[in-house]
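Here the structure comes first, spelled out in structure tokens, and everything after it is commentary.
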Amino acid sequence: MRLLIVCLCVLLLNSCNYLGFLEKEEDTSKIVATVNTDKLFENDLKDILPRNISKEDSLILVKSFIQDWAVKKLFLKEAANNNTLESLENISKLVQDYKESLLINNYKEELIKQRLDTIVSEEEIELYYTANKENFKLNEVLVKSKYLFFNHIMNDEKQIIDLFKSDDIEDAEELERQQLSFKMYQLNDSTWTELDKVLLKLPFSKENLLKKSKFIQKQDSLGLYLVAIKDILNRNDIAPLSYIKPTIKEMILHKRKIELIREIEKLIVKDATKNNNFKIY
Numbered sequence: 087m088r089l090l091i092v093c094l095c096v097l098l099l100n101s102c103n104y105l106g107f108l109e110k111e112e113d114t115s116k117i118v119a120t121v122n123t124d125k126l127f128e129n130d131l132k133d134i135l136p137r138n139i140s141k142e143d144s145l146i147l148v149k150s151f152i153q154d155w156a157v158k159k160l161f162l163k164e165a166a167n168n169n170t171l172e173s174l175e176n177i178s179k180l181v182q183d184y185k186e187s188l189l190i191n192n193y194k195e196e197l198i199k200q201r202l203d204t205i206v207s208e209e210e211i212e213l214y215y216t217a218n219k220e221n222f223k224l225n226e227v228l229v230k231s232k233y234l235f236f237n238h239i240m241n242d243e244k245q246i247i248d249l250f251k252s253d254d255i256e257d258a259e260e261l262e263r264q265q266l267s268f269k270m271y272q273l274n275d276s277t278w279t280e281l282d283k284v285l286l287k288l289p290f291s292k293e294n295l296l297k298k299s300k301f302i303q304k305q306d307s308l309g310l311y312l313v314a315i316k317d318i319l320n321r322n323d324i325a326p327l328s329y330i331k332p333t334i335k336e337m338i339l340h341k342r343k344i345e346l347i348r349e350i351e352k353l354i355v356k357d358a359t360k361n362n363n364f365k366i367y
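Each residue of the sequence shown is one higher than the one before, counting from 87 in this note's numbering.
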């Protein structure tokens, strides 16, 4: 009996100490704001302040955070008091539906990561392109072009122009070797590029560049611009395979994802039916 009383005393003492510890833990973080029964503690503000911020800016940031916290809590209280039971039930259903959708989608994504074949061959891309060409009409103008810009300090201006205008491979290689001397350049004219992106870098009008030309030059106070347009594709032309290839790859992978999910759904239903976990009455 005496032993039982001692044990109870020890348990009671430990309980009191634990409750006191919890109170001390809460006391270590000062309350900075309250809304009804909700409390905002000093510790809650730790992560909102970036490093190396001035005292004035930190004060503004803290005040803004407290204000936003209070508004959110007050709105929640008002919303809870003024919504009908039917509205609250609808909200609960929406929350439940959203939670279920998140769980299912996360699970599907994991299955896709584990099982999806992400290797798409060149042959598969070409076959898809050939079968769906009419769906790949351009919404923008494309050009194959090369250009460069250099300032007036360079002494061999004529030599650079001659190299740029030349179709000789050796001249092209020599121009590549001098590329560090240029302020801006793009010397590969075998790649399709959106005309608008080229225009952002060069002081030429769209009309000038749309004239397929071996060579265009323009000089201003900063230096000399050289441009050569090799080929042009206009809006509504069929997009070239080299330009549309990344898009086709994504489309093929998306199709595979859908087919994989459908196959998984069929297997889940089949297994559930086999194990009597799914029945239709």
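Positions of the beta carbon are idealized from the N, C-alpha and C atoms, including for glycine.
Can you grab the Cα-Cα spacing for the pair residue 260 / residue 251, in whole Å? By one-based count along the sequence shown, residue 260 stands at place 174. By one-based count along the sequence shown, residue 251 stands at place 165. Cα-Cα distance, rounded: 12 Å.
query = Is residue 224 closer than 7 Å to residue 325 when the C-beta atoms are compared?
reply = Here residue 325 is taken as the residue at index 239 of the sequence shown, counted from 1. Here residue 224 is taken as the residue at index 138 of the sequence shown, counted from 1. Yes, the pair counts as a contact, with Cβ atoms nearer than the cut-off.
Candidates 125, 338 and 279: closest to residue 210 by CA position: For the purposes of this step, residue 210 is taken as the residue at position 124 of the sequence shown. It is 338 whose Cα lies nearest to the Cα of residue 210.
Considering only residues of the same chain and omitting the five flanking positions on each side of residue 126, which have a CB-CB separation below 6 Å? Position 40 of the sequence shown, counting from 1, holds the residue named residue 126. Result list for residue 126: 118, 119 and 155, in chain order.
Subject >> For residue 314, three-class secondary structure by DSSP >> reply: Residue 314 sits at position 228 when you count from the first residue of the sequence shown. It is a strand residue.
Exercise. Name the one or two DSSP bridge partners that residue 278 has.
Key: Mapped onto the sequence shown, residue 278 falls at position 192. Bridge partners of residue 278: 230.
(message) For the segment 144-164 against the segment 189-198, do three or more pairs of beta-carbon atoms, one drawn from each stretch, fall closer than 8 Å, so that the two count as touching?
(response) no
Measuring CB atoms only, is the segment 217-237 touching the segment 275-288, in the sense that at least three cross pairs come out at less than 8 Å? yes
Rounding to the nearest angstrom, what Cα-Cα distance links residue 184 and residue 353 in this structure?
As a position in the sequence shown, residue 184 is number 98, starting the count at 1. As a position in the sequence shown, residue 353 is number 267, starting the count at 1. Their backbone Cα atoms lie some 24 Å apart in a straight line.
Which residues mark the beginning and the end of the alpha helix (DSSP H) in which residue 334 is found? Counting from one through the sequence shown, the residue named residue 334 turns up at place 248. Run containing residue 334: 327-360, per the alpha helix (DSSP H) assignment.
**Prompt:** In three-state terms, what does DSSP make of residue 366?
**Reply:** Within the sequence shown, the letter at position 280 stands for residue 366. Residue 366: coil per DSSP, three-state reduction.
message: Going by C-alpha to C-alpha distance, which of 362, 342 and 355 sits closest to residue 199?
response: Walking along the sequence shown from the start, residue 199 turns up at place 113. Closest option to residue 199, Cα to Cα, is 342.
Can you look up residue 255 in the DSSP assignment and give me helix, strand or coil?
Start at 1 with the first residue of the sequence shown, and residue 255 comes out as number 169. Note: residue 255 maps to helix in three-state DSSP.
Quiz item: For the beta strand (DSSP E) that residue 302 lies in, which residues bound it at each end?
Solution: For the purposes of this step, residue 302 is taken as the residue at position 216 of the sequence shown. Unbroken beta strand (DSSP E) run through residue 302: 302-305.
Classify residue 314: buried if its beta carbon has 16 or more other beta carbons within 10 angstroms, exposed otherwise. Taking the first residue of the sequence shown as 1, we reach residue 314 at position 228. By the 10 Å Cβ count, residue 314 comes out buried.
* **N- and C-terminal bounds of the beta strand (DSSP E) containing residue 127** => By 1-based counting over the sequence shown, the position of residue 127 is 41. Here the beta strand (DSSP E) through residue 127 covers 124-127.
| Outcome for residue 215 when other beta-carbon atoms lying within 10 angstroms are tallied against a minimum of 16 | Here residue 215 refers to the residue found at position 129 when the sequence shown is read from its first residue. With 16 or more Cβ atoms within 10 Å of its Cβ, residue 215 is classed as buried.
With a Cβ-Cβ cutoff of 7 Å, do residue 311 and residue 304 count as a contact? Start at 1 with the first residue of the sequence shown, and residue 311 comes out as number 225. Start at 1 with the first residue of the sequence shown, and residue 304 comes out as number 218. Yes, they are a contact pair.
Leaving out five residues before and five after residue 265 in sequence, what residues of the same chain have Cβ atoms less than 6 Å from its Cβ? On the sequence shown, residue 265 is found 179 positions in, with the first residue counted as 1. The residues are 271.
For residue 272: DSSP bridge partner residues: Mapped onto the sequence shown, residue 272 falls at position 186. Residue 272 pairs with 233.
Quiz item: For residue 201, which residues from the same chain have a beta carbon less than 7 Å from its beta carbon, with the 5 sequence-adjacent residues on both sides left out?
Solution: Here the question's residue 201 lines up with position 115 in the sequence shown. Closer than 7 Å at the Cβ level, and outside the excluded window around residue 201, lie 346.
Using the Cβ count rule (16 or more neighbours within 10 Å means buried), how would you classify residue 174? As a working note, residue 174 is residue 88 in the sequence shown. By the neighbour-count rule (16 or more Cβ atoms within 10 Å), residue 174 is not buried but exposed.
- Task: Could you check how far apart the C-beta atoms of residue 236 and residue 269 are, in whole angstroms? I think they sit under 8 Å.
- Result: Stepping through the sequence shown from its first residue, residue 236 is reached at position 150. Stepping through the sequence shown from its first residue, residue 269 is reached at position 183. That pair is a contact at about 6 Å.
Assign residue 233 to one of two classes, buried (16 or more other C-beta atoms within 10 Å of its C-beta) or exposed (fewer than that).
To locate residue 233, count along the sequence shown from 1; it is residue 147. The residue in question, residue 233, is buried, as its Cβ has 16 or more Cβ neighbours within 10 Å.
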